[in-house]
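One line per chain: the protein sequences are A and B, in this order.
Add 45 to a position in the first sequence, counting from 1, and you land on the number used in this note's numbering.
Add 2 to a position in the second sequence, counting from 1, and you land on the number used in this note's numbering.
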Amino acid sequence: MSKLGLITKGLLKENPTFVLVLGMCPTLATTTSAMNGLEMGLATMFVLILSNIVISLISPVVPDKVHIPVYIVVIATFVTVLQLLMQAFVPQVYETLGLFIPLIVVNCIVLGRAEAFASKNSVGDSALDGIGIGIGFTLTLMVIGIVREILGSGSVFGWKFIAGDGILAFVMAPGAFLVLGYLMVLFNKLAKR
Amino acid sequence: MAAVSNLKNMVLSLTLVCLVCSAVLGGVFAVTSAPIKAAEVAKTNASIARVLPAFDSEPVRESISVDGTDYAYYRVPGAGYAVISTVSGFGGPLSLMVGIQEDGMICNTVVLSHSETPGLGAKCQTDASFIDQFKGWDPASKRLAVTKDGGDVDAITASTITSRAYSAAIANAYSVYLIIAGNE
């Protein structure tokens with residue numbers, strides 16, 4: 046697969062949210078606004094790229110029977126590093142995403158890519174895979190966030206263009222499922238062409 | 003490809019990975035602990051500055067136990083007290099900082115953390131007409147309860163439970179203030 050293909054497959058053919066349907070918990074919970082979705086996507090991408098790189102480096106020397114615990118320790122380390130860095134330098138962002146930052150550890154995308162890709166491919170390719178899947182995840186979360194913010198609060202990235210409250214259901218959990226479902230249908234219809 | 007899965011290899015690789023990871027975490031923690039503390043202090047100071055009139059003294063953190071509950075508060079000489087009061091709201095704990103001037107009037111309130119419904123109860127953080135009614139509130143003459151319960155607080159539309167919790171948090175803070183002021 047070409048280097049560019051490694052990045053673009055995360056956007057379309059292996060889009061983590063719409064095609065692989067992985068990492069639904071942060072997808073549904075943090076996309077209440079475009080900005081929250083973007084921030085959550087970037088946080089996940091940070092962990093994804095670094096854990097892919099390290100796991101592709103160490104996988105040749107890790108005995109098969111303990112590879113999952115080793116990968117989880119590596120991923121958890123990067124998540125904690127990210128958590129500390131966010132607390133120190135972007136406390137506001139950390140406050141909005143709160144609980145969902147530590148939960149990146151159990152995001153299936155991260156362990157999934159470690160298992161399915163990083164452990165079998167070179168360091169460079171694994172880094173590109175992390176970037177590609179990361180961008181795919183970030184963009185998808187942002188799009189869901191944009192739709193929910195427009196319908197739910199009448200604004201985009203905090204810029205309000207419809208006065209009033211919007212349809213509150215879209216800011217809450219039911220709206221997350223609705224928007225995700227319809228976008229998934231739309232995405233798969235367009236992607237099949 | 004991978005090393006043989008015998009006991010020695012497994013123990014060795016797990017131990018090594020854990021050692022390296024904890025070293026990395028220790029390093030990052032050492033680097034970030036100072037900025038994290040600074041960010042927390044900055045946040046607290048910003049909240050105190052919002053709930054009390056302008057002051058030039060250093061806030062002193064103290065705590066007091068009232069009816070078995072511990073309340074933390076900041077004594078700001080020349081301005082008053084900033085009392086942290088936590089009650090249970092609609093979706094979980096609702097934590098407020100309530101600024102009470104030395105004359106017993108409420109200066110302002112600010113939400114420190116909440117888990118209220120977005121778009122409904124969460125408005126207690128943004129709805130100016132709700133928050134501003136507490137500015138200059140005199141608890142001695144106006145009752146801290148929503149109008150539905152016979153008090154003087156205008157609740158946020160469709161968020162009576164949150165408004166009730168918000169009022170209760172202020173009332174708690176005020177009773178803590180009375181005890182602090184009475185002790186002096």
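We put the CB at the ideal spot given by N, CA and C, even for glycine.
Source: prediction; values computed, not measured.
**Study point:** Nonlocal neighbours in the same chain, by C-beta distance under 6 Å from B/A5, ignoring five residues either side
**Key:** Reading the second sequence from its first residue, position 3 is the one you call residue 5 of chain B. Closer than 6 Å at the Cβ level, and outside the excluded window around B/A5, lie N11.
Review point. So, is the C-beta of B/A167 closer than 8 Å to a C-beta in chain A?
Key: Translated into the one-based positions of the second sequence, residue 167 of chain B becomes position 165. Not closer than 8 Å to any Cβ of chain A, the Cβ of B/A167 fails to qualify, so no.
Practice item. Using three-state DSSP, classify B/N47 as helix, strand or coil. Key: Locating residue 47 of chain B in the second sequence gives position 45, where the first residue counts as 1. If DSSP states are grouped into helix, strand and coil, B/N47 belongs with the helices.
Review point. Quick one: Cα of A/L235 to Cα of A/K165, how far?
Key: Against the first sequence, residue 235 of chain A aligns to sequence position 190. Against the first sequence, residue 165 of chain A aligns to sequence position 120. Answer to the nearest angstrom: the Cα atoms are 31 Å apart.
Practice item. Out of B/R166, B/E64, B/N8, B/Q127, point me to the one whose CA is closest to B/R145's CA. Key: The residue given as residue 145 of chain B occupies position 143 in the second sequence. When each option's Cα is compared against that of B/R145, the closest is B/R166.
Review point. Would B/C126 count as contacting chain A if we go by Cβ distances under 8 Å?
Key: The residue you call residue 126 of chain B lines up with position 124 of the second sequence. It does not: the Cβ of B/C126 has no partner Cβ on chain A nearer than 8 Å.
Point to revise | Validate contact between the stretch 83–100 of chain B and the stretch 173–183 of chain B using beta carbons, cut 8 Å, 3 pairs | key: Yes: the two stretches touch, three or more of their Cβ pairs being nearer than 8 Å.
**Study point:** Residues in the stretch 15–39 of chain B having any Cβ partner in chain A nearer than 7 Å
**Key:** S15, L16, V19, C20, C23, V26, L27, V30, F31, T34, P37, I38
Check your understanding: Which class does B/S87 belong to by DSSP, given the choice of helix, strand or coil?
Key -> Locating residue 87 of chain B in the second sequence gives position 85, where the first residue counts as 1. Note: B/S87 maps to strand in three-state DSSP.
Review point. Does DSSP put A/S167 in a helix, in a strand, or in coil?
Key: Indexing the first sequence from 1 puts residue 167 of chain A at position 122. A/S167 falls in the coil class under three-state DSSP.
Review point. Apart from the five residues on each side of it in sequence, which residues of its chain come closer than 7 Å, Cβ to Cβ, to B/S59?
Key: Along the second sequence, read from residue 1 onward, the residue named residue 59 of chain B stands at position 57. Cβ within range, chain order: V78, P79, G80.
Exercise for review: Using the DSSP secondary-structure output, state which residues sit across from B/M99 in a beta bridge.
Suggested key: Translated into positions along the second sequence, residue 99 of chain B becomes position 97. Per DSSP, B/I86, B/V112.
Review point. Rounded to the nearest angstrom, how far is the Cβ of B/C20 from that of A/V118, given a contact under 8 Å?
Key: The residue you call residue 20 of chain B lines up with position 18 of the second sequence. The residue you call residue 118 of chain A lines up with position 73 of the first sequence. So it is a contact: roughly 6 Å between Cβ atoms.
Point to revise | Proximal residues of chain B, C-beta to C-beta of A/V119 below 8 Å | key: Stepping through the first sequence from its first residue, residue 119 of chain A is reached at position 74. Here the neighbours are V19, C23.
Check your understanding: Grouping DSSP H, G and I as helix and E and B as strand, with all else coil, what is B/E104?
Key -> Numbered from its first residue, the second sequence carries residue 104 of chain B at position 102. Three-state result, B/E104: coil.
Review point. Does the Cβ-Cβ distance between A/I207 and A/G82 come in under 8 Å?
Key: As a position in the first sequence, residue 207 of chain A is number 162, starting the count at 1. As a position in the first sequence, residue 82 of chain A is number 37, starting the count at 1. In this structure, A/G82 does not lie closer than 8 Å to A/I207 by Cβ.
Review point. Under the three-state reduction of DSSP, which class applies to B/T119: helix, strand or coil?
Key: Here residue 119 of chain B is taken as the residue at index 117 of the second sequence, counted from 1. Looking at B/T119 - three-state DSSP - the assignment turns out to be coil, as it is neither helix nor strand.
Review point. Whose Cβ in chain B lies nearer than 7 Å to the Cβ of A/V155?
Key: The residue you call residue 155 of chain A lines up with position 110 of the first sequence. By Cβ distance, chain B contributes nothing, its closest Cβ being about 15 Å from A/V155, past 7 Å.
Point to revise | Cα-Cα separation between B/W139 and B/Y76, rounded to whole angstroms | key: Position 137 of the second sequence, counted from the first residue, corresponds to residue 139 of chain B. Position 74 of the second sequence, counted from the first residue, corresponds to residue 76 of chain B. Going from the Cα of B/W139 to the Cα of B/Y76 covers about 20 Å.
Exercise for review: Consult DSSP for A/I103 and reduce its assignment to one of helix, strand or coil.
Suggested key: One-based indexing of the first sequence puts residue 103 of chain A at position 58. The answer is helix: DSSP assigns A/I103 an H, G or I state.
Check your understanding: Going by the CB atoms, is the gap between B/S169 and B/A142 shorter than 8 Å?
Key -> Reading the second sequence from its first residue, position 140 is the one you call residue 142 of chain B. Reading the second sequence from its first residue, position 167 is the one you call residue 169 of chain B. B/S169 is positioned such that its CB atom lies no closer than 8 Å to that of B/A142.
**Study point:** Interfacial residues, the stretch 76–108 of chain A to chain B, with Cβ spacing under 8 Å
**Key:** T77, I103, S104, P105, V106, V107, P108
Exercise for review: May I have the straight-line CA-CA distance separating A/T76 from B/L180, to the nearest angstrom?
Suggested key: If you number the first sequence from 1, residue 76 of chain A lands on position 31. If you number the second sequence from 1, residue 180 of chain B lands on position 178. Their backbone Cα atoms lie some 43 Å apart in a straight line.
Practice item. Give a yes or no on whether 8 Å exceeds the smallest Cβ distance from A/D210 to chain B. Key: Indexing the first sequence from 1 puts residue 210 of chain A at position 165. At a cut-off of 8 Å between beta carbons, A/D210 contacts chain B.
Practice item. Could you tell me how far apart the beta carbons of A/V124 and A/V115 are, in whole angstroms, since I believe they sit closer than 8 Å? Key: Stepping through the first sequence from its first residue, residue 124 of chain A is reached at position 79. Stepping through the first sequence from its first residue, residue 115 of chain A is reached at position 70. Wrong, their Cβ atoms sit about 15 Å apart, outside the cutoff.
Review point. Hey, how far is the Cα of B/L27 from the Cα of A/V126?
Key: The residue given as residue 27 of chain B occupies position 25 in the second sequence. The residue given as residue 126 of chain A occupies position 81 in the first sequence. Roughly 6 Å separates the two Cα atoms.
Exercise for review: Pair every Cβ in the stretch 50–58 of chain B with every Cβ in the stretch 119–138 of chain B, then say whether three or more of these pairs are closer than 8 Å.
Suggested key: With the cut-off at 8 Å, the stretch 50–58 of chain B and the stretch 119–138 of chain B do not touch.
Exercise for review: Could you tell me whether any Cβ in chain B is nearer than 8 Å to the Cβ of A/A163?
Suggested key: Counted from its first residue, the first sequence places residue 163 of chain A at position 118. By this cut-off, A/A163 is not an interface position.
Check your understanding: Cβ atoms of B/S97 and B/L122: under 8 Å apart, would you say?
Key -> As a working mapping, residue 122 of chain B is identified with position 120 in the second sequence. As a working mapping, residue 97 of chain B is identified with position 95 in the second sequence. Contact flag unset, no.
Review point. Span of the alpha helix (DSSP H) holding A/R238?
Key: One-based indexing of the first sequence puts residue 238 of chain A at position 193. Neither: A/R238 is in no alpha helix (DSSP H) and is coded neither H nor E.
Practice item. Pair every Cβ in the stretch 214–225 of chain A with every Cβ in the stretch 101–121 of chain B, then say whether three or more of these pairs are closer than 8 Å. Key: Contact between the stretch 214–225 of chain A and the stretch 101–121 of chain B is present: three or more C-beta pairs spanning the two stretches fall below 8 Å.
**Study point:** Members of the stretch 127–141 of chain A near chain B, C-beta cut-off 7 Å
**Key:** L129, L130, Q132, A133, F134, P136
Review point. List, in order along the chain, the chain B residues whose C-beta lies closer than 8 Å to that of A/M217?
Key: Translated into positions along the first sequence, residue 217 of chain A becomes position 172. Going along chain B in sequence order, the residues near A/M217 (Cβ under 8 Å) are T119, P120, G121.
**Study point:** Closest residue to A/V99 among A/N152, A/L173, A/V168 (Cα-Cα distance)
**Key:** Numbered from 1 along the first sequence, position 54 holds the residue referred to as residue 99 of chain A. Nearest option by C-alpha distance: A/V168.
Review point. Where A/S200 and A/P105 are concerned, what is the direct C-alpha to C-alpha distance, given to the nearest angstrom?
Key: Within the first sequence, the letter at position 155 stands for residue 200 of chain A. Within the first sequence, the letter at position 60 stands for residue 105 of chain A. The alpha-carbon atoms of A/S200 and A/P105 are separated by roughly 49 Å.
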